[in-house]
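Accompanying notes for the structure given below.
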Amino acid sequence: MKAISLVFLNGTFVAEQSMLSALPSDVAFDFTKGVSLHFPKTVMMDIPIHLLFLTNKNVVFQKKIIVAENVQVSIIEEHVMLQAVACAVEMTAEIVLEKLAHCYYYKKHNKTQGGHYLNSLQVIQKNQSHFAMWTSDMGTTDLKQQVDVVLQESHATCQLHGLYALNDDQESHQQDIKIEHVAPHGTSAMFFKGILDQQSRANFKGKVHVHKTATQTKALQANHTLLLSHKAEVRTQPELEIHAEDIQCAHGATVSEVDDAALFYLRSRGMNKDNALRMLISAFTAEVMHKIPHHDIKRYFMKELGLYEEY
Amino acid sequence: MLSIRNLHVSIQVEPQQSKEILRGINLDIAPGTVHAIMGPNGSGKSTLSNVLAGRAGYEVTAGEILFDQQNILTLAPEERAALGVFLAFQYPLEIPGVNNMYFLKTALNSLRKQRDLPPIDAMDFLKLIKNKMQAVGMDEKFLNRAVNEGFSGGEKKRNEILQMLLLEPRFAILDETDSGLDIDALQMVAKGVNSLRHSERSLLVVTHYQRLLNYIVPDVVHVMVQGKIIKSGGKELALTLEEKGYGWLEHQVASS
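Those sequence lines, one after another, are chains A and B. Heads up, the first sequence is in the working numbering, so the first residue is 457 and it goes up one at a time. Heads up, the second sequence is in the working numbering, so the first residue is 19 and it goes up one at a time.
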């Protein structure tokens, strides 16, 4: 995967592991207290930035990203716990998208043994800006994520996608998402899918708040869960709060198990049980993964998730 | 090739109650022959098809199924497929999100792997599958659709036959393949099936109607009623059934 890699160990920038020189010179940055990146109007970001956070102890840090008018950036944020130790990572982040700015944000939490993450992200969107996020959890011991998006000015669009695949007893995943439609003609979509095995737990709370001023809003919300075990547990709570007229909102949630008939169909064609199951899980995730516009990143995510790349 | 001995199969209808569906089936199918099983709805035809292919949810209470003298009842569906057993489903599953071409390629390579053969090259596969699609009159656009998703009844059945042509089983069961097919599709499907007829390959055609047997001409016709084969004969038996209906035989069974 081609990307400008910036590496942080316990929140501290590691210059010798990073490709700072590849960062366009007009990007303003400050890595002394977490991550601060400012992409000015002049910048052309052709390749994604890969923020790699390596952790092996308790750490608290902040991120701030500002994308100026008309600028398009892609950022991959990846979290790796270096050892199987119980430690807590607390992150707060703020992203500001100016007029017509486009930001593709990929967040990937790798499997941990004892990693606890507490994330909060606030996104402020100005006129006609576009924010698209894919957040994935490959089995963090405990991940709590709060996302607040404010569509502050008109014609802003926001798409939040999520995929969580938990397969150990103690793993838990919690999403608390709020999208505030403040201005008219805003469009938002929340699309989260979970695959839960063993005694893992997930909690999805998604809220769309359409203010009185946000006429012509379009909002979509979906949360689908595939349970691979009878002991896994999911709580899903989609919520709409609407104060405006003339809007379109829809929400839905499903919880399902693997279709035995489909599994038999694949096995009768020669696939073993594991591969057949993997094919069905890949299919379940397809709606989320196929929307990733960067081919390299899509492949990277799918490989890490153990999914079939082509289907 | 295939030998079914005194097969009894039950299904669980309630937690403490099971119902016997197959009540002592005996059937011998020699290599290169085509057998047809006809019978009214609920006679156990589809149960037999599913049990042969290894579907879970059926309890075999007695008997055995020998394939090349090996009892296959303990084998997983994929292991039976590797031996050369194929079931063309009565109701092919829709699998949203799985690309049809990828499904077909994975199926072929899974079988090749079980037979210790290397995976087929992508270009060779494309050539092969396009060739087979032509044989069943399927448009190439179906390669890039999700497996059976939104396919019409006829398209699903063609897709089943396509899989059969691709996987080249030694023993294929066609479970009500004629249902939902118009006459053109029926002829095309039959042409595909007939192209596979071979001295080392056998077919079991399960059908409610005689219609399909005009095109896939069987060597032996069996009549199944209430979980038993009550009569076997040549291809002319199918015609007699068409004319007289199943009531004629059911009556014979009742009075015997």
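Backbone N, C-alpha and C fix where the C-beta goes; we use that ideal spot for every residue, glycine too.
Residue j beta carbon less than 8 Å from that of residue i
{"i": "residue 649 (chain A)", "j": "residue 619 (chain A)", "result": "yes"}
{"i": "residue 551 (chain A)", "j": "residue 527 (chain A)", "result": "no"}
{"i": "residue 57 (chain B)", "j": "residue 241 (chain B)", "result": "yes"}
{"i": "residue 106 (chain B)", "j": "residue 231 (chain B)", "result": "no"}
{"i": "residue 70 (chain B)", "j": "residue 27 (chain B)", "result": "no"}
{"i": "residue 25 (chain B)", "j": "residue 90 (chain B)", "result": "no"}
{"i": "residue 503 (chain A)", "j": "residue 479 (chain A)", "result": "no"}
{"i": "residue 238 (chain B)", "j": "residue 220 (chain B)", "result": "no"}
{"i": "residue 637 (chain A)", "j": "residue 666 (chain A)", "result": "yes"}
{"i": "residue 564 (chain A)", "j": "residue 585 (chain A)", "result": "no"}
{"i": "residue 524 (chain A)", "j": "residue 497 (chain A)", "result": "yes"}
{"i": "residue 464 (chain A)", "j": "residue 483 (chain A)", "result": "no"}
{"i": "residue 110 (chain B)", "j": "residue 166 (chain B)", "result": "yes"}
{"i": "residue 193 (chain B)", "j": "residue 108 (chain B)", "result": "yes"}
{"i": "residue 116 (chain B)", "j": "residue 735 (chain A)", "result": "yes"}
{"i": "residue 543 (chain A)", "j": "residue 511 (chain A)", "result": "yes"}
{"i": "residue 672 (chain A)", "j": "residue 633 (chain A)", "result": "no"}
Under the three-state DSSP convention, the category residue i falls into
{"i": "residue 718 (chain A)", "result": "helix"}
{"i": "residue 269 (chain B)", "result": "helix"}
{"i": "residue 172 (chain B)", "result": "helix"}
{"i": "residue 234 (chain B)", "result": "coil"}
{"i": "residue 512 (chain A)", "result": "coil"}
{"i": "residue 25 (chain B)", "result": "strand"}
{"i": "residue 69 (chain B)", "result": "helix"}
{"i": "residue 618 (chain A)", "result": "strand"}
{"i": "residue 135 (chain B)", "result": "coil"}
{"i": "residue 195 (chain B)", "result": "coil"}
{"i": "residue 751 (chain A)", "result": "helix"}
{"i": "residue 710 (chain A)", "result": "strand"}
{"i": "residue 767 (chain A)", "result": "Low per-residue confidence applies at residue 767 (chain A): pLDDT is 44, beneath 50, and the placement is therefore not dependable, though the value from the model is reported in the following sentence. Three-state result, residue 767 (chain A): coil."}
{"i": "residue 160 (chain B)", "result": "helix"}
{"i": "residue 679 (chain A)", "result": "strand"}
{"i": "residue 210 (chain B)", "result": "helix"}
{"i": "residue 58 (chain B)", "result": "coil"}
{"i": "residue 78 (chain B)", "result": "strand"}
Spatial distance of residue i from residue j (CA atoms)
{"i": "residue 175 (chain B)", "j": "residue 689 (chain A)", "result": "39 Å"}
{"i": "residue 597 (chain A)", "j": "residue 572 (chain A)", "result": "6 Å"}
{"i": "residue 741 (chain A)", "j": "residue 68 (chain B)", "result": "29 Å"}
{"i": "residue 48 (chain B)", "j": "residue 629 (chain A)", "result": "57 Å"}
{"i": "residue 705 (chain A)", "j": "residue 670 (chain A)", "result": "12 Å"}
{"i": "residue 756 (chain A)", "j": "residue 216 (chain B)", "result": "46 Å"}
{"i": "residue 767 (chain A)", "j": "residue 118 (chain B)", "result": "Unreliable positioning characterises residue 767 (chain A) in this predicted model, as indicated by a pLDDT of 44, which lies under 50. A coordinate reading is not provided."}
{"i": "residue 668 (chain A)", "j": "residue 643 (chain A)", "result": "15 Å"}
{"i": "residue 462 (chain A)", "j": "residue 679 (chain A)", "result": "32 Å"}
{"i": "residue 170 (chain B)", "j": "residue 553 (chain A)", "result": "47 Å"}
{"i": "residue 40 (chain B)", "j": "residue 185 (chain B)", "result": "29 Å"}
{"i": "residue 156 (chain B)", "j": "residue 173 (chain B)", "result": "8 Å"}
{"i": "residue 121 (chain B)", "j": "residue 183 (chain B)", "result": "15 Å"}
{"i": "residue 538 (chain A)", "j": "residue 569 (chain A)", "result": "10 Å"}
{"i": "residue 491 (chain A)", "j": "residue 562 (chain A)", "result": "16 Å"}
Within-8 Å CB hit, residue i to chain B
{"i": "residue 540 (chain A)", "result": "no"}
{"i": "residue 767 (chain A)", "result": "Bear in mind that the predicted position of residue 767 (chain A) carries a pLDDT of just 44, short of 50, making it unreliable; the figure below should be weighed with that in mind. Yes, contact with chain B."}
{"i": "residue 618 (chain A)", "result": "no"}
{"i": "residue 723 (chain A)", "result": "yes"}
{"i": "residue 720 (chain A)", "result": "yes"}
{"i": "residue 726 (chain A)", "result": "yes"}
{"i": "residue 645 (chain A)", "result": "no"}
{"i": "residue 758 (chain A)", "result": "no"}
{"i": "residue 709 (chain A)", "result": "no"}
{"i": "residue 678 (chain A)", "result": "no"}
{"i": "residue 753 (chain A)", "result": "no"}
Nearest residue (CA-CA) to residue i, options the options
{"i": "residue 617 (chain A)", "options": "A:754, A:475, A:713 and A:518", "result": "A:754"}
{"i": "residue 681 (chain A)", "options": "A:700, A:463 and A:657", "result": "A:657"}
{"i": "residue 227 (chain B)", "options": "B:124, B:36, B:264 and B:244", "result": "B:264"}
{"i": "residue 199 (chain B)", "options": "B:178, B:182, B:116 and B:143", "result": "B:178"}
{"i": "residue 95 (chain B)", "options": "A:747, A:760 and A:722", "result": "A:722"}
{"i": "residue 514 (chain A)", "options": "A:546, A:592, A:486 and A:530", "result": "A:546"}
{"i": "residue 222 (chain B)", "options": "B:209, B:201, B:191 and B:203", "result": "B:191"}
{"i": "residue 151 (chain B)", "options": "B:129, B:30, B:211 and B:98", "result": "B:211"}
{"i": "residue 697 (chain A)", "options": "A:517, A:676 and A:458", "result": "A:676"}
{"i": "residue 130 (chain B)", "options": "B:101, B:81, B:73 and B:42", "result": "B:101"}
Chain A contact for residue i (CB, 8 Å cutoff)
{"i": "residue 154 (chain B)", "result": "no"}
{"i": "residue 116 (chain B)", "result": "yes"}
{"i": "residue 113 (chain B)", "result": "yes"}
{"i": "residue 160 (chain B)", "result": "no"}
{"i": "residue 132 (chain B)", "result": "yes"}
{"i": "residue 73 (chain B)", "result": "yes"}
Residue i CB to nearest heavy atom of the ligand ZN below 7 Å
{"i": "residue 25 (chain B)", "result": "No copy of the ligand ZN appears in this structure; indeed no ligand is present at all."}
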